[in-house]
Amino acid sequence: MAGKMLRVDSISKQYFINDTVVKANDNISLDVEKGTLIWIYGKSGAGKSSFLNSIVGLNKVDEGRIFWDDYEVTQATTSENSDFRKNNCGLIFQFFELLHSQTAYQNVALPLKLLKRKKEEIQKKVFELFEHFDMVKLMNNKINFLSGGEKQRVAIMRALVTNPSFIIADEITACLDEKTSHFVYAYLKKYIKEKNGIGVFVSHDPLIKDYVDDCYYMESGVLKNVSL
Amino acid sequence: MFLFKIGWDNLWYNKKRTLLIILLIIVTTMAMILYNGYIQYTKEGMALGFIESSGNFQITKEFLGMAEPEDVLISEEEIEEIKNILSSVNDVKSVECVLEFSGIIGNEYTSEIFWGEAVDNPEKKSKVIDGVPVFSGENKIVIGSLLAEKLNIDAIEDQYLNILSSSAENGISLSSFELAGITTTGIPQNDKGLLIAARDVIIDFLGIENSASVIKVFLNDDAEKHTIMNMLKNDLQDSTGVVLRDWVELNPNYAQINTMNATQYLIISGILSVLVFIALMQALISAFNERLREFGTMEAIGFKKKDVIVLMLSETFWLALIGIVIGVVCSYGFALIVRSSHIEIIPPGYSEGYKLIFYLTVKDIVKNSLFIFFTCICATIYPMISVMKKDVTRLLKND
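Protein chains in written order, with our numbering: chain F, 1 to 228; chain Y, 1 to 399.
In structure tokens:
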């Protein structure tokens, strides 16, 4: 365990669709060290999202064990996994998954409110992020009034606002232009290195290649390490 | 607390749907509060009317088993004894002796049957719609409007009417009385034969001793009636055949009408709450289903199921709160408008109407509001459970 933060030990996950067994993840094992950013790619339906969901406890695996340091996701209860994600994980989704009734500011502030942080602390932290992502002018806009790229930046800010050690990202640059994608990848890489955390990124975007430490290809639920 | 804020914001994300639900809750709140207010007013109005006419309780002699007909009258000694006992009770407002008599009344054109009430202060007995009231000691009478019609009376001036009546003590009596005025009770059946006169004059006319058929006791507080009746019963143990009945016992239709109104209220409340329940549940099901991914995201970033439940309940809470508060305010305003508009309602079988008033009490408003509030909360349960049964990944897939 020393030096390893994420340890995935022979996990398998299967679904039943009309009595047909579909193997989403098939005996996957993986060790990721601190300060590492890994990239997983593969065809649609290969099991990438299932894998992401499993490692943060959104999915229950059928077999195998998952550890983040000494915390075992596979043995924890739903409630414990909620707390784990709240305190340690920053999740970024492909389709942003923002609360439409809230402003950009309120969306970013949400995880801090969930952690019951003080109002002044929330304001300071959220404002810093908006400044960094050059979105201060759009802070009080409702989500519907933002472009795809702006929404994704809000989603990234929401994932980073609690200073999580682990960033789990699913196709985060699908709606971003090349320049912004470079900015996002660079920012996240710097964040993970400084934080000495871990980034697990699922993406089809080849731009990510320059920013990751390790690369994996997933096919029919099987994860293979490939050279960059 | 921030979940309640998000719940509030969520309401206004789909304004049209939210406003329609609120409107439904407002209408339901108003309907239930106003209908309840109308029933309460009817109940209070009936109670006041019955008490005004029959007193809070009455003292009579038991007729059955009496050897002599005059024994059904309360004698002068008994009247004095009862008045003496009641004079020491603070809650007694007044004691009224009534001598009931009946017979035939006629003029040069025709004759009719009447039923009369001879009282000590006949001027207070009922309002006169034509002419003047009759006072104690006056050899005059006031008759019901329909009786006057049947007697072909066009003008009151110099009208004399012959009255034929009888008593057990003195047999048949016949005398002529001047018509002082015409009255109405608002109930045509009563107005057909009503006659009011002074008791002292009728005692002379019938040639009987000072007596009364009924003693009506009026109290300051109706709640004290049973205490005073029990006290009087104990003090009158020596008097034979004295019967005490309160106004509720004397007017059995009071309880019947109240039961009928309460049943109607329950049915209407039931229908309205079912409507609110179905409409709100339908609206919440579609509102929550549209936001499955949102709930999934919330759970993914660390919200627990209970947080999502609180969020859903908070949305219903706000909807119910806004709807009920506006509904209560509108009910109160509507009740004030109706009261100042002097709208009259004439019930079937009555010749005179009464003012439509909604009697709103804090207790009834709170009771109705809570009922609607819990109906709204109950309507959230099914949509909430259907969301809660889905795990995070299904929610995120909008499945």
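Here a beta-carbon is modelled for each residue, glycine too, at the ideal position from N, C-alpha and C.
**Request:** Using 10 angstroms around the beta-carbon of residue 189 of chain F, count the other beta-carbons present and answer buried if the total reaches 16, otherwise exposed.
**Result:** buried
**Prompt:** Hey, residue 309 of chain Y and residue 383 of chain Y: beta-carbon distance below 9 Å or not?
**Reply:** no
**Prompt:** Can you name, in chain order, every residue of its own chain whose Cβ lies under 7 Å from the Cβ of residue 149 of chain F, other than the five neighbours on each side?
**Reply:** 175, 176, 177 and 180
**Prompt:** Does residue 1 of chain F get closer than 9 Å to chain Y when you measure Cβ to Cβ?
**Reply:** The pLDDT assigned to residue 1 of chain F is 41, lower than 50, so where the model puts this residue is not dependable; a value taken from the coordinates is nonetheless given after this. At a cut-off of 9 Å between C-beta atoms, residue 1 of chain F does not count as an interface residue with respect to chain Y.
**Prompt:** Any idea what DSSP makes of residue 1 of chain F, helix, strand or coil?
**Reply:** Confidence at residue 1 of chain F is low in this model, with a pLDDT of 41, below 50, so the placement of that residue is unreliable and no value is reported for it.
**Item:** Reduced DSSP secondary structure (H/G/I, E/B, other) of residue 188 of chain F
**Value:** helix
**Asked** What residues in its chain sit with their C-beta under 7 Å from that of residue 4 of chain Y, if we drop five residues either side in the sequence?
**Response** 314
**Prompt:** Using a Cβ-Cβ cut-off of 7 Å (strictly less than) and excluding sequence neighbours within five positions of residue 318 of chain Y, which residues of its own chain qualify?
**Reply:** 7, 8 and 11
**Request:** Kindly say whether residue 44 of chain F, judged by its beta-carbon, lies nearer than 9 Å to any beta-carbon of chain Y.
**Result:** no
**Item:** Segment limits, beta strand (DSSP E) that includes residue 58 of chain Y
**Value:** Unbroken beta strand (DSSP E) run through residue 58 of chain Y: 57-61.
**Message:** Any heavy atom of the ligand ATP closer than 8 Å to the beta-carbon of residue 331 of chain Y?
**Reply:** The model depicted lacks the ligand ATP and carries no ligand whatsoever.
**Request:** Step through the CB atoms of chain F and report whether any lies within less than 9 Å of the CB of residue 399 of chain Y.
**Result:** no
**Request:** Report the residue from Y:370, Y:104, Y:219 and Y:358 whose alpha carbon sits nearest the alpha carbon of residue 29 of chain Y.
**Result:** Y:370
**Asked** So which residues of chain F does residue 316 of chain Y contact, with C-beta pairs closer than 8 Å?
**Response** The premise fails here: residue 316 of chain Y is roughly 15 Å from chain F at the closest Cβ pair, so nothing lies under 8 Å.
**Message:** Output needed in chain order: residues of the segment 112-135 of chain F with a Cβ under 7 Å from some Cβ in chain Y.
**Reply:** So the close ones are 113 and 114.
**Prompt:** So what's residue 246 of chain Y in DSSP terms, helix, strand or just coil?
**Reply:** The answer is strand: DSSP assigns residue 246 of chain Y an E or B state.
**Asked** Between the Cα of residue 189 of chain Y and the Cα atoms of Y:397, Y:351 and Y:394, which residue gives the shortest distance?
**Response** Y:351
**Request:** Give me the Cα-Cα distance between residue 287 of chain Y and residue 279 of chain Y, rounded to the nearest whole angstrom.
**Result:** Each residue's Cα considered, the two are about 12 Å apart.
**Prompt:** Secondary structure at residue 82 of chain Y, three-state DSSP: helix, strand or coil?
**Reply:** helix
**Three-state secondary structure assigned by DSSP to residue 374 of chain Y** = helix
**Request:** Give me the Cβ distance between residue 55 of chain Y and residue 242 of chain Y, rounded to the nearest whole Å; I'm assuming they're in contact under 8 Å.
**Result:** The C-beta distance from residue 55 of chain Y to residue 242 of chain Y rounds to 15 Å, too long to fall under 8 Å, and the pair is not in contact.
**Message:** My output table needs one value for residue 107 of chain F: the three-state DSSP class, helix, strand or coil.
**Reply:** It is helical.
**Asked** From residue 215 of chain F to residue 203 of chain F, what distance separates their C-alpha atoms?
**Response** 11 Å
**Request:** Have a look at Y:13, Y:41 and Y:58 and flag the residue whose alpha-carbon is nearest the alpha-carbon of residue 251 of chain Y.
**Result:** Y:58
**Request:** Name the two residues that bound the continuous alpha helix (DSSP H) containing residue 221 of chain F.
**Result:** Element bounds for residue 221 of chain F: n/a, residue is neither H nor E.
**Message:** I want to see whether chain Y comes within less than 9 Å of residue 245 of chain F, judged by CB atoms only; does it?
**Reply:** Examination of residue 245 of chain F is not possible in this model, given that chain F is present from 1 through 228 alone.
**Request:** Would you mind sorting residue 1 of chain Y into buried or exposed? The rule is 16 or more other CB atoms within 10 Å of its CB.
**Result:** exposed
**Asked** Applying the criterion that 16 or more other CB atoms from any shown protein chain within 10 Å of the CB defines a buried residue, is residue 260 of chain Y buried or exposed?
**Response** Residue 260 of chain Y counts as exposed, since fewer than 16 other beta carbons sit within 10 angstroms of its beta carbon.
**Prompt:** Grouping DSSP H, G and I as helix and E and B as strand, with all else coil, what is residue 170 of chain Y?
**Reply:** Reduced to three states, the DSSP call for residue 170 of chain Y is coil.
**Message:** Looking at the secondary structure, which residues open and close the beta strand (DSSP E) in which residue 94 of chain Y lies?
**Reply:** Counting along the chain, the beta strand (DSSP E) containing residue 94 of chain Y begins and ends at 92-106.
**Prompt:** In three-state terms, what does DSSP make of residue 221 of chain Y?
**Reply:** coil
**Message:** If you reduce the DSSP assignment to three classes, tell me which class residue 214 of chain F lands in.
**Reply:** Note: residue 214 of chain F maps to strand in three-state DSSP.
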